[in-house]
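Since the structure comes first, as structure tokens, the remarks are kept for the end.
Numbering (full-length UniProt numbering), first residue to last: 1 to 175.
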């Protein structure tokens, strides 16, 4: 089985599908809110030039997914899978952002749960890199610790770049 980094995934709350070139305007509408990026190291993603770079990088990654609210059909954000040369038995989940009206609810957890469940079918570990200054994202990742069947730990041995906290997710071993 090969790992498709752009699957279509869904549950009762959300659906995820691959990012396409024609999604630029609708995703920029979500990303243009500067408060989304206030704790992020790349605060320029809310500008047209910053978002254009982000969008083009997302497309070329061949791992970007859009997140939709199933009830309304509304595009609410984006996330991405990334394969890591330094960790062949792992996949990274990152670059996630949601419209502020969807913060604090079940949407981030739901999207990550879909991506984690899918990813762990192919690899042993999921890695999430969060900037040390991005407390909001750290809290969101730490809420994932309640998901059934997984173990969430902080990995102090893995270095990617910058000043990141590295969260590692593995399947729980049944004893």
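Heads up, the beta-carbon is just placed ideally off N, CA and C, and yes, glycines get one too.
What separation, rounded to the nearest whole angstrom, lies between the Cα atoms of residue i and residue j?
i           : j           : result
residue 11  : residue 78  : 16 Å
residue 256 : residue 117 : As displayed, the chain neither begins before 1 nor continues past 175, which places residue 256 out of reach and without an answer.
residue 93  : residue 81  : 5 Å
residue 140 : residue 109 : 8 Å
residue 35  : residue 124 : 35 Å
residue 102 : residue 75  : 11 Å
residue 44  : residue 106 : 27 Å
residue 85  : residue 148 : 28 Å
residue 26  : residue 47  : 14 Å
residue 167 : residue 72  : 32 Å
residue 154 : residue 95  : 18 Å
residue 23  : residue 37  : 20 Å
residue 129 : residue 17  : 22 Å
residue 56  : residue 32  : 16 Å
residue 91  : residue 163 : 19 Å
residue 61  : residue 54  : 10 Å
residue 114 : residue 49  : 31 Å
Give the DSSP-derived three-state secondary structure of residue i in the structure shown.
i           : result
residue 41  : coil
residue 18  : strand
residue 85  : coil
residue 123 : coil
residue 77  : strand
residue 92  : strand
residue 170 : strand
residue 29  : helix
residue 56  : helix
residue 144 : helix
residue 164 : strand
residue 155 : coil
Less than 8 Å separating the beta-carbons of residue i and residue j?
i           : j           : result
residue 138 : residue 165 : yes
residue 111 : residue 30  : no
residue 87  : residue 127 : yes
residue 172 : residue 142 : no
residue 70  : residue 13  : yes
residue 28  : residue 51  : yes
residue 58  : residue 19  : yes
Candidates the options: which alpha carbon is nearest residue i's?
i           : options           : result
residue 132 : 108, 90, 41       : 41
residue 83  : 172, 171, 6, 163  : 6
residue 66  : 47, 51, 38, 97    : 97
residue 136 : 163, 39, 62       : 39
residue 89  : 49, 113, 122, 115 : 122
For residue i and residue j, which I take to be in contact (beta-carbon distance under 8 Å), what is that distance rounded to the nearest angstrom?
i          : j          : result
residue 15 : residue 68 : 5 Å
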